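In this note's numbering, each residue carries its 1-based index in the sequence shown increased by 380.
Heads up, the beta-carbon is just placed ideally off N, CA and C, and yes, glycines get one too.
As the structure is a computational prediction, the values presented were derived from the model and not from experiment.
Remarks on the structure that follows.
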Amino acid sequence: MSEAGISSEPPAKRALVFRLPGKESADNAHILMRALEKVGIPGELCPYWPDGEASWETETVLLEREIGSAPRLTAVEFQQRFGFELDLVELSLHQFATEPLTPELLLPESKWRQHLRGVAVLAAERMKASGADVVFVAHGAETVSRIIAEMAAHLGLRFLYWESGFFPGYVYVDPWAPHFFRGEAWIDSLPLPDEPSPETIAFLADWRKKRLSKYAQTQRSLPPAVVDWVSRDNRPILFLPGQVPTDANVVVSLGNYDSLAELYEDVLRRIPTSWRILYKPHPKATLALPPNALLPSDRFLSTDIDIYDAFDLAEAILTVSSNVGLEAAMYGKDLFILGQPVYAGRGIEKCILSLYDRDRCSKNFISGSHLNNTYGFIDTLMKSSLINDKGEDTLTKIINACQLKRPKSRSSFYEVSNRKIKRVSKAYKKSKLQTKLSLSSLWRSVINILEHQK
381 MSEAGISSEP
391 PAKRALVFRL
401 PGKESADNAH
411 ILMRALEKVG
421 IPGELCPYWP
431 DGEASWETET
441 VLLEREIGSA
451 PRLTAVEFQQ
461 RFGFELDLVE
471 LSLHQFATEP
481 LTPELLLPES
491 KWRQHLRGVA
501 VLAAERMKAS
511 GADVVFVAHG
521 AETVSRIIAE
531 MAAHLGLRFL
541 YWESGFFPGY
551 VYVDPWAPHF
561 FRGEAWIDSL
571 PLPDEPSPET
581 IAFLADWRKK
591 RLSKYAQTQR
601 SLPPAVVDWV
611 SRDNRPILFL
621 PGQVPTDANV
631 VVSLGNYDSL
641 AELYEDVLRR
651 IPTSWRILYK
661 PHPKATLALP
671 PNALLPSDRF
681 LSTDIDIYDA
691 FDLAEAILTV
701 SSNVGLEAAM
711 YGKDLFILGQ
721 PVYAGRGIEK
731 CILSLYDRDR
741 CSKNFISGSH
751 LNNTYGFIDT
761 LMKSSLINDK
771 GEDTLTKIIN
781 ACQLKRPKSR
791 SSFYEVSNRK
801 IKRVSKAYKK
811 SKLQTKLSLS
821 SLWRSVINIL
831 EHQK
C-alpha cells in the first residue's frame, strides 16, 4: 500500500458488478456500469436472480430463481472443494438480527445452509467465467453479499462495496467496508477539507433551492391537520423521521434495544414534555409505532409531510441514522443523532449519541458552525465515495484504494445491537470502537440539551 490508502495493485481491467433484486438496485447498478465504461473498465452485471427489471447489455444472473434454486452442499463438500469452511453463523448475522430465529436458519446442515454454500459455488464460478479482476459487492450486510465478498477474497480478487447513494443519480462505493460499519469504511479515514469546493457549494445551494431529497417528496402543501396541530400549541417541535427497521444503519445502531419499535417507544416516552413530536413514516417502511408508545395528540402527530415543510416547522431533528438527518444538516437545522450513520462525528450534529461515542456531546457547540462542517462532509463524499454515470476520476481513485484482504468479522457490530445475536454468537469479541453505556447515560445527554435549548 502506498500513501493515503491507495493500492499498488495494477489498474483494474474488467469488473463484475453484483446487484440485489428490485428496481432501485437495478437503476443504481446501471449508473455504476455507465461510470465503469466512462473510465475504460468494461464489466458484467450480475443480478442475484431474474426480477423483471431492465437488463444490461452484458448481464448474467447468479441464480435461476431465489436462493432455493442454488445447489446444496454440506460443509464437508464445501471444504473439500475450496479448502476452507464458510462461517455461516457470522455471515448471517444481519439475517439473525432482523428475522425470527428458526431451526432452518441455525442448524449447521439445514437445507438453507446448504443452499447458501451453493450460492458461494455459483458466485465463484461467475467470477472466474467473467474474467473480472475487480468485484463490486452490493450492500455488504446481508448474507449473500457477504458470501460474495468471501469468495472474491478466496479467489484473490479485489472487491468493493456499493449501494444507493445519498442523493438521486449517485451511487456510493467504498473500497474497504460498507459505510454503516463505522470505523471500518474508507470514508471514515478521510479528513474533511479546510474549505469545500465551489462545486460542492453550488450543489448544496441547488439542492436546497429545489427542495430535493433522496426520496421524492409528494406533498406540495401542508395538510390541514398539520396546520391545525401546529397552531394549537406554541411548544417547540422535534421532527422524528421514520426508518426501515431492517436497514443495516438501523440494526447496528440499536444499542440495548431489540428493535426499532422498542427504541421509538422509549424515545417518545423520554422526550421532555416541553417538546412536541412530528413523526413522518418512512416511504418504504411497514412499521407502525407501537400503540402504547403514542403520546397525547397535542404532543404527537404522525403524518406524511414533505420533509422540507417539517424542517421549517421543527426547531430540531432527532434521528437514529436516517438520510433525512444528513438532509436536515444540509438545510442548516440542529440535529440530534442516536445511531452511528456515516455523517455522525463530523461536527454537523448538535450532540453525538452513538454507540461508539455516546458521552461526547458538543459542549462548546457554536451556533451555525455545523453548517460549515456539513459542507466539508458533502465535499468529502462527492470527491471520494459518490459517483454518477459521468465516472470522472472518483471511481478510478476508489478502485485504486482496494486492498487484497479477507473481509473482517462483523460480529461486534451486531452483538452490541441485539440480544438475539449475543445468544447466537457470544464467542465473538466486541469492537474496541463500541462501548455499552446505561440507558440513563444515553438519555440524560439528549434530554439536557432539549431542556436547555428553549
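(message) On the DSSP letters alone, give me the boundaries of the alpha helix (DSSP H) that P483 sits inside.
(response) The residue you call residue 483 lines up with position 103 of the sequence shown. 483-486 is the span of the alpha helix (DSSP H), which, as asked, contains P483.
(message) Please classify Q720 as buried or exposed, where buried requires at least 16 neighbouring CB atoms within 10 angstroms.
(response) Walking along the sequence shown from the start, residue 720 turns up at place 340. Buried, by the Cβ-count rule.
(message) Is the beta carbon of L496 closer than 9 Å to that of L471?
(response) Counting from 1 along the sequence shown, the entry for residue 471 is found at position 91. Counting from 1 along the sequence shown, the entry for residue 496 is found at position 116. Cβ atoms of L471 and L496: closer than 9 Å.
(request) Note down the Cα distance separating D714 from A696, rounded to an integer number of angstroms. (result) Stepping through the sequence shown from its first residue, residue 714 is reached at position 334. Stepping through the sequence shown from its first residue, residue 696 is reached at position 316. Rounded to whole angstroms, D714 to A696 spans 5 Å at the Cα level.
(message) Can you look up P342 in the DSSP assignment and give me helix, strand or coil?
(response) Given a span of 381 to 834 for the chain in the structure shown, any question on residue 342 remains unanswerable.
(request) Keeping to the same chain, check which residues put their C-beta closer than 7 Å to that of L751; ignore five residues upstream and five downstream. (result) For the purposes of this step, residue 751 is taken as the residue at position 371 of the sequence shown. Excluding sequence positions up to five before and after L751, its CB lies within less than 7 Å of the CB of G712, all in the same chain and listed in chain order.
(request) Following the continuous alpha helix (DSSP H) through I778, name the residue where it begins and the one where it ends. (result) As a working note, residue 778 is residue 398 in the sequence shown. According to the DSSP assignment, I778 belongs to the alpha helix (DSSP H) that extends over 774-780.
(message) Which residue marks the beginning of the beta strand (DSSP E) containing F680, and which one marks its end?
(response) Numbered from its first residue, the sequence shown carries residue 680 at position 300. Annotation for F680: the continuous beta strand (DSSP E) segment containing it runs 680-682.
(request) Mind checking which residues open and close the alpha helix (DSSP H) that includes P555? (result) In the sequence shown, residue 555 corresponds to position 175, counting from 1. Counted as a single uninterrupted DSSP element, the stretch harbouring P555 is not any alpha helix (DSSP H), since DSSP gives it neither H nor E.
(message) Give me, in chain order, the residues of the same chain whose beta-carbon lies closer than 8 Å to that of P390; leave out the 5 immediate sequence neighbours on both sides.
(response) Walking along the sequence shown from the start, residue 390 turns up at place 10. In its chain, beyond the 5 residues on either side, no residue has a beta carbon closer than 8 Å to the beta carbon of P390.
(message) Could you check whether R538 and A347 sit closer than 9 Å to each other, using their CB atoms as the reference points?
(response) The first residue shown for the chain is 381 and the last is 834, placing residue 347 beyond what the model contains.
(request) Whole angstroms is fine: what's the gap from A836's alpha carbon to L425's? (result) There is simply no residue 836 to check, as the chain begins at 381 and stops at 834 in what is shown.
(request) Given a cut-off of 9 Å, decide if F458 and A500 are closer than it, judged by their beta-carbon atoms. (result) Translated into positions along the sequence shown, residue 500 becomes position 120. Translated into positions along the sequence shown, residue 458 becomes position 78. Contact: yes.
(request) Keeping to the same chain, check which residues put their C-beta closer than 6 Å to that of D737; ignore five residues upstream and five downstream. (result) Counted from its first residue, the sequence shown places residue 737 at position 357. Low local confidence applies: a pLDDT of 36 at D737 is under 50, so the model's placement there is unreliable, with the coordinate-based value given in what follows. Once the five neighbours on either side are set aside, D737 has no close Cβ partner at all.
(message) Using only the alpha-carbon positions, how far apart do E645 and Y637 sit?
(response) Taking the first residue of the sequence shown as position 1, residue 645 is located at position 265. Taking the first residue of the sequence shown as position 1, residue 637 is located at position 257. Answer to the nearest angstrom: the Cα atoms are 10 Å apart.
(message) Between S765 and S701, how many whole angstroms is the CB-CB distance? I'm expecting something under 8 Å.
(response) Residue mapping note: residue 765 aligns to position 385 of the sequence shown, counting from 1. Residue mapping note: residue 701 aligns to position 321 of the sequence shown, counting from 1. In this structure S765 is not in contact with S701, their Cβ atoms being roughly 17 Å apart against a cut-off of 8 Å.
(request) Using beta-carbon positions only, say whether A605 and L681 come within less than 9 Å of one another. (result) As a first step, residue 605 is located in the sequence shown; it is residue number 225 there, counting from the start. As a first step, residue 681 is located in the sequence shown; it is residue number 301 there, counting from the start. A contact, by the Cβ cut-off of 9 Å.
(message) Rounded to the nearest angstrom, what separates I567 and L761 at their Cα positions?
(response) Taking the first residue of the sequence shown as 1, we reach residue 567 at position 187. Taking the first residue of the sequence shown as 1, we reach residue 761 at position 381. Straight-line spacing of the CA atoms in I567 and L761 works out to 8 Å.
(message) For L396, report the span of its beta strand (DSSP E) as first-last.
(response) Within the sequence shown, the letter at position 16 stands for residue 396. For L396, the enclosing beta strand (DSSP E) begins and ends at 395-399.
(message) Which residue marks the beginning of the alpha helix (DSSP H) containing L412, and which one marks its end?
(response) Here residue 412 refers to the residue found at position 32 when the sequence shown is read from its first residue. Unbroken alpha helix (DSSP H) run through L412: 403-418.
(request) From the DSSP output, in three-state form, read off Y595 for me. (result) One-based indexing of the sequence shown puts residue 595 at position 215. Note: Y595 maps to coil in three-state DSSP.
(request) Let me know if L396 comes out buried or exposed under the rule of 16 or more other beta-carbons within 10 Å of its beta-carbon. (result) Residue 396 sits at position 16 when you count from the first residue of the sequence shown. Residue environment for L396: buried (at least 16 other C-beta atoms within 10 angstroms of its C-beta).
(message) Just to check my reading of the structure: F619 and A709 have Cβ atoms closer than 8 Å, yes? What is that Cβ distance to the nearest angstrom?
(response) In the sequence shown, residue 619 corresponds to position 239, counting from 1. In the sequence shown, residue 709 corresponds to position 329, counting from 1. About 13 Å separates the CB atoms of F619 and A709; that is not less than 8 Å, and the two are not in contact.
(message) Assuming the contact rule is C-beta atoms closer than 8 Å, P621 and L640 should be a hit. Round their C-beta distance to whole Å, please.
(response) For the purposes of this step, residue 621 is taken as residue 241 along the sequence shown, with counting starting at 1. For the purposes of this step, residue 640 is taken as residue 260 along the sequence shown, with counting starting at 1. For a cut-off of 8 Å, the C-beta gap from P621 to L640 is around 12 Å, too long to register as a contact.
(message) Using only CA atoms, which one of Q783, P787, G756, A533 lies nearest to P576?
(response) Your numbering for residue 576 matches position 196 in the sequence shown. The closest CA to that of P576, considering only Q783, P787, G756, A533, is found on G756.
(message) At the level of alpha carbons, what is the spacing between N629 and K418?
(response) Counting from one through the sequence shown, the residue named residue 629 turns up at place 249. Counting from one through the sequence shown, the residue named residue 418 turns up at place 38. C-alpha of N629 to C-alpha of K418: approximately 31 Å in a straight line.
(message) Classify F398: buried if its beta carbon has 16 or more other beta carbons within 10 angstroms, exposed otherwise.
(response) What you label residue 398 is simply residue 18 of the sequence shown in a count that begins at 1. In summary, F398 is buried, with 16 or more beta-carbon neighbours lying within 10 Å of its beta-carbon over all protein chains present.
(request) Buried or exposed for D530, please, with buried defined as at least 16 other CB atoms from any protein chain shown within 10 angstroms of its CB. (result) The residue given as residue 530 occupies position 150 in the sequence shown. Per the sequence shown, the amino acid found at residue 530 is Glu instead of Asp. Under a 10 Å Cβ-count criterion, E530 is classified as buried, with 16 or more other Cβ atoms of the shown protein chains found around its own Cβ.
(request) Just confirm the distance between the C-beta atoms of A532 and V515, as a whole number of angstroms; I'd bet it's less than 8 Å. (result) For the purposes of this step, residue 532 is taken as the residue at position 152 of the sequence shown. For the purposes of this step, residue 515 is taken as the residue at position 135 of the sequence shown. With 8 Å as the limit, A532 and V515 qualify as a contact, their Cβ atoms being about 4 Å apart.
(message) Can you find the residues in the same chain that come closer than 6 Å, C-beta to C-beta, to E479, ignoring five residues on each side of it along the sequence?
(response) Walking along the sequence shown from the start, residue 479 turns up at place 99. Annotation for E479: no residue places its beta carbon closer than 6 Å to its own, counting only its chain and skipping 5 residues before and after.
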